[in-house]
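Taken in order, these protein sequences are the chains called A and B.
Numbering of the first sequence is given in the numbering used here, commencing with residue 1 and proceeding in unit increments.
Numbering of the second sequence is given in the numbering used here, commencing with residue 1001 and proceeding in unit increments.
Inspection log for the structure reproduced underneath, given as structure tokens.
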Amino acid sequence: MKNKLLPIFITFIFIIIFIFFYSGLKNTNIYTPEIKINNKIPSFKGDLIYSDETINSSNIFKSDKFYLLNIWSSWCVPCRKEHALLMKLKEIKKIEVIGINYKDKKINAENFLTELGNPYEKIIFDQEGVISIEWGAYGVPESFLIKDEIIIKRYIGPLDKKLIEEMKLIIK
Amino acid sequence: MLYSSIGYYALILGLGISLILVYFSIKNFKNSSTLNTKILSFTFLQFFLVVISFICLIISFVLSDFSNETVFNNSHTTKPLFYKIAGTWGNHEGSLLLWLLVLTLFIFIFFLKTKNQPLKYKLLTLIFQQIIIIGFSLFLIKTSNPFNFIFPTPEEGMGLNPILQDPALAIHPPILYLGYVGSSIIFSSALAATYLNIVSKVWASHIKKWIIASWVFLTLGILLGSIWAYYELGWGGFWFWDPVENVSLMPWLALTTLLHCIMILEKKQVLTSWVIILSISTFTLSMCGTFLVRSGILNSVHTFANDPERGLFILVFLFSLIFISLFIFFFFNKSSPNNSNSIFWLSKETSIMINNWFMMYFLSVVLIGTIYPIFLEVLSSQKISVGPPFYYKLIIPFLIPFLIAMAIGPKLKWIKSNIEDKVYLISFLIISIVLSFLIIKKFNSNLLINTILVSSALYLFFITLRDFFIKKYTNVSQNIAHFGFSLLILSILLNSLFSSEIITNLKVGETFTSSNAKIIFKSINQKEKKNYKSVTANFSIENLDGTIEDLSPELRIYNQPNIVTSEADIKTTFLSDKFIVINIVQNQDYFNVRYQVKPFMLWIWLSVILISFGGLISFFKKEYEK
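Quick look at the structure:
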């Protein structure tokens, strides 16, 4: 009896595998995150630097303030230049700067912030770069201006004084 | 035009001959005791026709005949001649034609070389092989015809994907295919032998040559692909656990296990089911790999085109083969009596069984890691990617006992034995542990696990090295292959433990200083080449010890198609590789620079060559001694 069941069982398993492969064929596998201005932010989960918490995106952007999400890395040279501007933004009450630390080493990131100051309210540690992909980021640095969980503006590349002035106008 | 037509009709005739061959074989199988001589002639004729078809495709590529769709999609007049020819199999259609070519070649060689085997066995193997050939011919003609016409004839072709324009990649597919298709012969002959119930010592020693040959080709094929990925893809690694790499690793694991099992079967009438199942799975895993990468179900550098129709065809074909083999296995495999209990616990058989189970474990890890994302997506439309951490966590702990078993196993004798030279075995173990403790302690923080890992690899290294020099154990091929394996694991471990990397963005003239090196971006040169523009960056690296090295990575901006590739500059020395690669950052005046120091890279390649060399010796050795 045992000998009869085994072939049936194995055949059954292979039929299931076949069905899975068959349905898998119909799915496309090219994944492009849909990031558009005036759309809702993508949801994600990440670990924070400076504490061992894991945080959900819905808990980050919930107050009625403006948020600037800044993707940065200690190895990125333009981030260094941009950093002083972010420090100035920190002084404005109506906006919070949130950092995503992209493909970095924790020690390097922390050294970078000790040297240049920490403008970020929270920093999400994105070692694998997956969260940044969800945001459709082209590279570092890149920033998103967010209000009520809606992306208002996207800044590819480093911010400069002009862009910051523009941002201040929007906030007012 | 002309060559496309000749090639196409040769292909169709080849398919026709398959049908004739099946007919003659069945007829001959039923009522004759001598081989019908027509069968051999037709087998040759079929091979000859596929050769013609293949040559026609090559000629179309060389002449840049853009009325042929495959040539149009994958070639360009400015491409160097070498890559025009290599481009023949650098695309989906051409590579399948190459696959078919090797299939017909191998069955022809099989017929020539197989003497002293029952006629029915030869005929049945031929029938199974022809079923595979028919499947591939239909697939080729129906969904991937390499000889499609385009009218009106375009002036210029689309060009070959530049990352494929590389010498290592020109020979990687043919070598790998020799391995894959070799496994088809093993598959057909295992089914035939099961059907006729002749899975025996005699059969084992006959099929062993095929197993070894396929194994050597598969190993070398994987090596070439890995070397190419190392310097061309610009990630600075040699194995990424990418699905495509995994699908070549899976047949390799199955084939390696089979290689060990067949040696037992050759000595004793045991493990027949293992041998049959492994023969079947090696080939079906190769086919499964073809399905996964060609259907577009997984994304990779090997996905030439996403065409669900192709995927469906291979899927149906693959599962037909699986069900046929399951049917034959369950209904015709009669396990011979008194075979399983006769193994004494301390013997070579046990050690090979241990090897088998470890290999099966590694195989399942890779298999699950590769196909789980597909299953998950079907069930929950969630996208995940299984990365290196998964494989490291599941494989590394089991590597330790595996390596130790590998060191001791070959010392055991057939049937029943005692371990000799206990003193040596133990003293080598102590030396390995102390040595690796000292190495790891000096450089690394994660002490315990790394020490155990490195010491088990060192242990195998010492034991095989000693065996080699005292020549006490006559099986040289096994010794070399195992020694190569220990060297491979050792190099990989030391490489991953001591690699260092600097990633930064730099403009020309800037300098980046880190704790262990200073990178100076000196200048940049531009040159026009035949089918691309070359941008070479000149770097000078100042190491801590004061030595200065000049490295010049290159960016190639191809015009047809418009793609930028990064050519890493690698300084290889005996002990380590210095690897630098640059990338363009969109709309910025700086480059992304990656500088890596990778110890023992050269040894990874050399050890794989050693492993295959072990197989090669075994292939040419007349008799398996001892």
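Quick reminder that beta carbons are idealized off the backbone N, C-alpha and C, glycines included.
From the DSSP output, in three-state form, read off residue i for me.
{"i": "residue 1338(B)", "result": "Here the model assigns residue 1338(B) a pLDDT of 48, short of 50, so the residue's position is not dependable and the matter cannot be decided."}
{"i": "residue 1517(B)", "result": "strand"}
{"i": "residue 96(A)", "result": "strand"}
{"i": "residue 1600(B)", "result": "coil"}
{"i": "residue 1611(B)", "result": "helix"}
{"i": "residue 1390(B)", "result": "helix"}
{"i": "residue 122(A)", "result": "strand"}
{"i": "residue 1033(B)", "result": "coil"}
{"i": "residue 1624(B)", "result": "With a pLDDT of 46 at residue 1624(B), under the threshold of 50, the modelled position of this residue cannot be trusted, and the question is left open."}
{"i": "residue 63(A)", "result": "coil"}
{"i": "residue 1526(B)", "result": "strand"}
{"i": "residue 1074(B)", "result": "helix"}
{"i": "residue 1571(B)", "result": "strand"}
{"i": "residue 1593(B)", "result": "strand"}
{"i": "residue 1013(B)", "result": "helix"}
{"i": "residue 1480(B)", "result": "helix"}
{"i": "residue 1242(B)", "result": "coil"}
Can you round the beta-carbon distance between residue i and residue j to whole angstroms, since I take them to be within the 8 Å contact cut?
{"i": "residue 1615(B)", "j": "residue 1477(B)", "result": "7 Å"}
{"i": "residue 97(A)", "j": "residue 121(A)", "result": "6 Å"}
{"i": "residue 1295(B)", "j": "residue 25(A)", "result": "6 Å"}
{"i": "residue 1280(B)", "j": "residue 1329(B)", "result": "7 Å"}
{"i": "residue 1619(B)", "j": "residue 1212(B)", "result": "5 Å"}
{"i": "residue 1410(B)", "j": "residue 1482(B)", "result": "7 Å"}
{"i": "residue 73(A)", "j": "residue 103(A)", "result": "6 Å"}
{"i": "residue 79(A)", "j": "residue 141(A)", "result": "5 Å"}
{"i": "residue 1184(B)", "j": "residue 1129(B)", "result": "7 Å"}
{"i": "residue 1158(B)", "j": "residue 1074(B)", "result": "7 Å"}
Taking residue i as the reference, give the member of the options with the closest Cα.
{"i": "residue 1522(B)", "options": "1537(B), 1516(B), 1530(B), 1427(B)", "result": "1537(B)"}
{"i": "residue 1603(B)", "options": "1578(B), 1574(B), 1592(B)", "result": "1574(B)"}
{"i": "residue 942(B)", "options": "1294(B), 1501(B), 1244(B), 1260(B)", "result": "Not covered by the structure: residue 942(B). The range shown for chain B is 1001 to 1626."}
{"i": "residue 1568(B)", "options": "1558(B), 1046(B), 1551(B)", "result": "1551(B)"}
{"i": "residue 1228(B)", "options": "1607(B), 1410(B), 1166(B), 1539(B)", "result": "1166(B)"}
{"i": "residue 145(A)", "options": "68(A), 61(A), 56(A), 110(A)", "result": "68(A)"}
{"i": "residue 1223(B)", "options": "1248(B), 1199(B), 1203(B)", "result": "1248(B)"}
{"i": "residue 1052(B)", "options": "1018(B), 1012(B), 1037(B)", "result": "1012(B)"}
{"i": "residue 43(A)", "options": "16(A), 164(A), 58(A)", "result": "58(A)"}
{"i": "residue 1553(B)", "options": "1392(B), 1461(B), 1464(B), 1526(B)", "result": "1526(B)"}
{"i": "residue 1004(B)", "options": "1071(B), 1021(B), 1384(B), 1035(B)", "result": "1071(B)"}
{"i": "residue 163(A)", "options": "150(A), 147(A), 149(A), 143(A)", "result": "143(A)"}
{"i": "residue 1063(B)", "options": "1047(B), 1088(B), 1046(B)", "result": "1088(B)"}
{"i": "residue 1428(B)", "options": "1439(B), 1408(B), 1040(B), 1172(B)", "result": "1408(B)"}
Could you tell me the boundaries of the beta strand (DSSP E) in which residue i lies?
{"i": "residue 1167(B)", "result": "Premise fails: residue 1167(B) lies in the alpha helix (DSSP H), 1167-1196, not in any beta strand (DSSP E)."}
{"i": "residue 111(A)", "result": "Looking at the DSSP string, residue 111(A) is not in any beta strand (DSSP E); the run it does join, the alpha helix (DSSP H), is 106-116."}
{"i": "residue 50(A)", "result": "Neither: residue 50(A) is in no beta strand (DSSP E) and is coded neither H nor E."}
{"i": "residue 155(A)", "result": "150-156"}
{"i": "residue 1583(B)", "result": "1576-1584"}
{"i": "residue 38(A)", "result": "Note, residue 38(A): premise wrong, no beta strand (DSSP E); not H, not E."}
{"i": "residue 1502(B)", "result": "1500-1506"}
{"i": "residue 1081(B)", "result": "Unbroken run through residue 1081(B) is the alpha helix (DSSP H), 1081-1086; no beta strand (DSSP E)."}
Report yes if the CB atom of residue i is closer than 8 Å to the CB atom of residue j, and no otherwise.
{"i": "residue 1123(B)", "j": "residue 1029(B)", "result": "yes"}
{"i": "residue 1107(B)", "j": "residue 1081(B)", "result": "no"}
{"i": "residue 1489(B)", "j": "residue 1457(B)", "result": "yes"}
{"i": "residue 95(A)", "j": "residue 132(A)", "result": "no"}
{"i": "residue 1154(B)", "j": "residue 1066(B)", "result": "yes"}
{"i": "residue 1143(B)", "j": "residue 1313(B)", "result": "yes"}
{"i": "residue 1206(B)", "j": "residue 1352(B)", "result": "no"}
{"i": "residue 1182(B)", "j": "residue 1210(B)", "result": "yes"}
{"i": "residue 151(A)", "j": "residue 39(A)", "result": "yes"}
{"i": "residue 1503(B)", "j": "residue 1517(B)", "result": "no"}
{"i": "residue 1121(B)", "j": "residue 1193(B)", "result": "yes"}
{"i": "residue 1431(B)", "j": "residue 1462(B)", "result": "yes"}
Taking the alpha helix (DSSP H) that residue i falls in, what are its first and last residues?
{"i": "residue 1565(B)", "result": "Taken as a continuous stretch (DSSP letters only), residue 1565(B) belongs to no alpha helix (DSSP H), being part of the beta strand (DSSP E) at 1563-1567."}
{"i": "residue 67(A)", "result": "It is not in any alpha helix (DSSP H) - residue 67(A) instead sits in the beta strand (DSSP E) that spans 66-72."}
{"i": "residue 103(A)", "result": "Taken as a continuous stretch (DSSP letters only), residue 103(A) belongs to no alpha helix (DSSP H), as it is neither H nor E."}
{"i": "residue 1238(B)", "result": "Looking at the DSSP string, residue 1238(B) is not in any alpha helix (DSSP H), and its letter there is neither H nor E."}
{"i": "residue 1537(B)", "result": "Unbroken run through residue 1537(B) is the beta strand (DSSP E), 1532-1543; no alpha helix (DSSP H)."}
{"i": "residue 138(A)", "result": "Element bounds for residue 138(A): n/a, residue is neither H nor E."}
{"i": "residue 1109(B)", "result": "1092-1113"}
Closer than 9 Å between beta carbons: that is the criterion. Which residues of the region 6-18 of chain A meet it against chain E? This model lacks chain E altogether, as its protein chains are A and B.
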